[in-house]
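There are 2 protein chains.
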Amino acid sequence: MARKYTIDDIAQLAGVSKATVSRVLNNKPDVDPSTRARIHQIMQEVSFVPSITASGLAGGRNRLVGVLIPSFSWSFVGEIMRGVSEMIGHTPYELLVYSINDMARDNDKGDILDHILSTKLPAGLLAILPGHSAPYVERLHTHGFPVVMVDDTAHHPNMPWVNVDSVHGSYLAVKHLIELGHRRIAHIYGPQNFICAHERYQGYCQALEEAGIALDPLLVAQGNFEYHGALDAAHQLLSLPAEVRPTALFASTDLTAYAVIDVADSYGLRVPGDLAVVGFDDIESSARIRPALTTVRQPFAEIGKCGVELLLALLNTPVQRADSSLLALSLPVLTPSEGMVRPPHISLQTTLVVRASCGAQRQQQSVDEIIPSKVL
Amino acid sequence: MARKYTIDDIAQLAGVSKATVSRVLNNKPDVDPSTRARIHQIMQEVSFVPSITASGLAGGRNRLVGVLIPSFSWSFVGEIMRGVSEMIGHTPYELLVYSINDMARDNDKGDILDHILSTKLPAGLLAILPGHSAPYVERLHTHGFPVVMVDDTAHHPNMPWVNVDSVHGSYLAVKHLIELGHRRIAHIYGPQNFICAHERYQGYCQALEEAGIALDPLLVAQGNFEYHGALDAAHQLLSLPAEVRPTALFASTDLTAYAVIDVADSYGLRVPGDLAVVGFDDIESSARIRPALTTVRQPFAEIGKCGVELLLALLNTPVQRADSSLLALSLPVLTPSEGMVRPPHISLQTTLVVRASCGAQRQQQSVDEIIPSKVL
DNA sequence: CTGTTAGCGCTTTCAG
DNA sequence: CTGAAAGCGCTAACAG
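Residue numbers (full-length UniProt numbering), protein chains in the order written: chain A, 1 to 376; chain B, 1 to 376.
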């Protein structure tokens, strides 16, 4: 409250030059320990808060990190953001949010990225986008702007990213169904422009192949990760003659699984009795619906945290310039340094959460035991 | 891309002083129209992007708006943010997000607000918080920092806010149940620290009173707006002897209603047959659950948009200083001005969305007609 | 290790 | 209506 102190005030109070104050502020090594302590003290006493704006102007880099997100409406975005904001809370950075308009034409993505690049307001960017937008994001990286792709990444070797191992998660889910005795296992695909849609399909194929089950094209249908986009696919699969109808289904998202369960119900098929269903994501409501959904849990908050960690590591390190990228191709993008602990590519593990919808649990489910679920 | 142009570059290209360029940039009136046009032209051609940082430093006010949110995990926050970010997209402002740590002790709110006040990074703040946090927020306002309370407001006459008319929405919901013939209508209350919990209760009481139905304390139980926090309350209400057991229930949120439906199921009570249920919020899944939930829809995105509008109006207007607040008490907080269209207090209407859970619809519901729902 | 000197890019008086 | 000059609060070379 009181008044707003500036670096000059602190310098005066401490009897040093403002350059020195600036040095302790930025943890430069070349400061006498006792001086440093005294300055820290004084800053504490008057509860000095440096101006982000001024340091940004002078230093050419603001203590802001940007996060580019698709629609706030997608619940997983909120989960990732929870991790992001919690992590940011432990740093001196503030959080700037850029969101792609819900009805954005495709090249709005380019526009907003251009905007970010031209304002250079944030020091770096976390981009949560469908994988096929990677080229846009890569432009930033090429221009030397620190950026980390998050969630649905193209595994681009040249750009830092954080994702989950969707292939393995899906593999585990389908393998679980196979172990439950199913042979006719269907899959509802996600939209083609998401890398992870392919990855989930790939995990599905892999599990089938390992079990020596031939892939049946009749059992694969196209969804779009959302509830309504899966209804047609579900109808298509469940209307098959009983002899060829799937006895189990691996959905590319939980929402897709919800649609399957509802459609199954409309066909008089019981889940899991007549159809075992497994989803992917483990969004909040999946533990609550009936039957509770067996699904592959993504560590959304952790994804966000890792993204921030990675980005901040990048910011403490001289950013890889476009000019020297040829060299970087074969080397790690980052040289090891104090701030740099993790490698520039992080792939997180998923876990299979077994609940009622896959039929693995025999016992009756009661309201009070909705939450406990076995985590493999 | 190319290089980054500065005001000086533009000034040089246009053959004027940078002061003039700055004037057109900020839409000051005192500029020769032709000069203004020429400068606009040039800025266009080189796609000049002024530095937010520099103008912030020089002008003392950054073109950033802050939004303070409780947990990203609450889905309604995402909806509000959707409106906020869409609105912000139409302005030259950027969006800064402050989020209260999930496991925040209560006075962290004070801390983060202090932080915002002392950094003065954003030009103004939209505060989405439980109503009982109003005093913290009011401190900002008292210090002359533009702030708008959003969603759960204390109706503080002295501070700008945006909310929905929860009382009336609840009244409509309960009235609808009464019109359906119910007399024993229960209510599950929200947490005491939310103003809107009281408002919803108030609307409930009002509808009962109007119908000449005596309020029965046995039929009111305490929840906390969340699913798990409502299970006990639901048990309490539904375990009543059949003669006194409620035939209908107005839940303070949709999540609360979900819990009621599940508990009813565990008692062998059919919804809506044995128990009509109405929620409040209309979150995304409420149209999808079975039975589809009759509920009071809050215009979340619109709340966000109005909040931004109001805040921006405040920013174009000399902010009410603490010193002159005595005068302001009896007058509108804002003097009318170009940027100021809406009054500083906005209360939005809710709508009752009638679906299956209240028993008003007789027809069988099929998967394909999950979405269509009657909006009163 | 520390002080001095220039600015970062823009806004803002204050004179014209 | 317009230009000149003086910073906003901080960082970043340089010299010492």
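Note that CB positions come from ideal geometry on N, CA and C, so glycine has one too. Owing to the predicted nature of the structure, the values given are computational and were not obtained by experimental measurement.
- By the rule that beta-carbons nearer than 8 Å mark a contact, residue 350/A does not touch chain B.
- By the CB criterion at 8 Å, residue 152/A and residue 195/A fall inside the cutoff.
- Secondary structure of residue 222/A (DSSP, three-state): strand.
- For the options 39/B, 122/B and 29/B, the alpha carbon positioned closest to that of residue 62/B is the one of 122/B.
- Between residue 316/A and chain B, the shortest Cβ-Cβ separation is not below 8 Å.
- Close to residue 54/B, with beta-carbon spacing below 7 Å, are these residues of chain A in chain order: 57.
- At least 8 Å separates the CB of residue 249/A from every CB of chain B.
- The shortest C-alpha to C-alpha distance from residue 236/B to any of 124/B, 67/B, 58/B and 217/B is the one to 217/B.
- Within 10 angstroms of the beta-carbon of residue 270/B lie fewer than 16 other beta-carbons, which makes it exposed.
- 8 Å or more divides the Cβ of residue 221/B from the Cβ of residue 207/B.
- Secondary structure note for residue 268/A: it is in no beta strand (DSSP E), with a DSSP letter that is neither H nor E.
- Residue contact with chain A for residue 183/B: absent (no Cβ-Cβ distance below 8 Å to any residue of chain A).
- At a cut-off of 8 Å, the C-beta of residue 224/A has no neighbouring C-beta in chain B.
- Along the region 75-95 of chain A, going in chain order, the ones with a CB nearer than 8 Å to a CB of chain B are 75, 77, 78, 79, 81, 82, 85, 86, 89, 94 and 95.
- Burial check for residue 239/A: the Cβ neighbour count within 10 Å stays below 16, so the residue is exposed.
- CA-to-CA, the gap between residue 177/B and residue 75/A works out to about 32 Å.
- Listed along chain A, the residues sitting closer than 7 Å to residue 119/B by beta-carbon distance are 49 and 52.
- Under the three-state reduction of DSSP output, residue 243/A falls in the coil class, being neither helix nor strand.
- With a 10 Å radius around the Cβ and a threshold of 16 neighbouring Cβ atoms, residue 277/B comes out buried.
- According to DSSP, residue 161/B shares a beta bridge with 149/B and 345/B.
- Taking a beta-carbon distance threshold of 8 Å, residue 97/B counts as an interface residue toward chain A.
- Residue 274/B holds the alpha-carbon nearest to the alpha-carbon of residue 181/B among 159/B, 274/B and 137/B.
- When secondary structure is reduced to three states using DSSP, residue 40/A falls in the helix class.
- With respect to the C-alpha of residue 305/A, the residue from 346/A, 6/A and 297/A having the closest C-alpha is 346/A.
- Listed along chain A is no residue with a C-beta nearer than 7 Å to that of residue 36/B; the closest approach is about 23 Å.
- In the three-state reduction of the DSSP assignment, residue 51/A falls in the coil class, being assigned neither a helical nor a strand state.
- According to the DSSP assignment, residue 183/A belongs to no beta strand (DSSP E), since it is labelled neither H nor E.
- Residue 193/B does not reach chain A, its nearest Cβ partner there being about 21 Å away, counting only Cβ pairs nearer than 7 Å.
- Nearest in C-alpha terms to residue 252/B, of all of 242/B, 267/B, 223/B and 228/B, is 223/B.
- Residue 261/A and residue 211/B have their C-alpha atoms spaced approximately 41 Å apart.
- Proximity of the region 113-120 of chain A to the region 81-93 of chain A falls short of the contact definition, fewer than three beta-carbon pairs being nearer than 8 Å.
- Contact with chain B is found for residue 73/A, since one of that chain's Cβ atoms lies less than 8 Å from the residue's Cβ.
- Within chain B, the residues placing a beta-carbon under 8 Å from that of residue 62/A are 53, ordered along the chain.
- Excluding five sequence positions before and after residue 64/B, the CB atoms of its chain that fall closer than 8 Å to its own CB belong to 52, 56, 93, 94, 95, 96, 121, 122 and 123, given in chain order.
- The continuous beta strand (DSSP E) containing residue 69/B extends over residues 64-69.
- Under the DSSP assignment, residue 46/B falls outside any alpha helix (DSSP H); it carries neither an H nor an E label.
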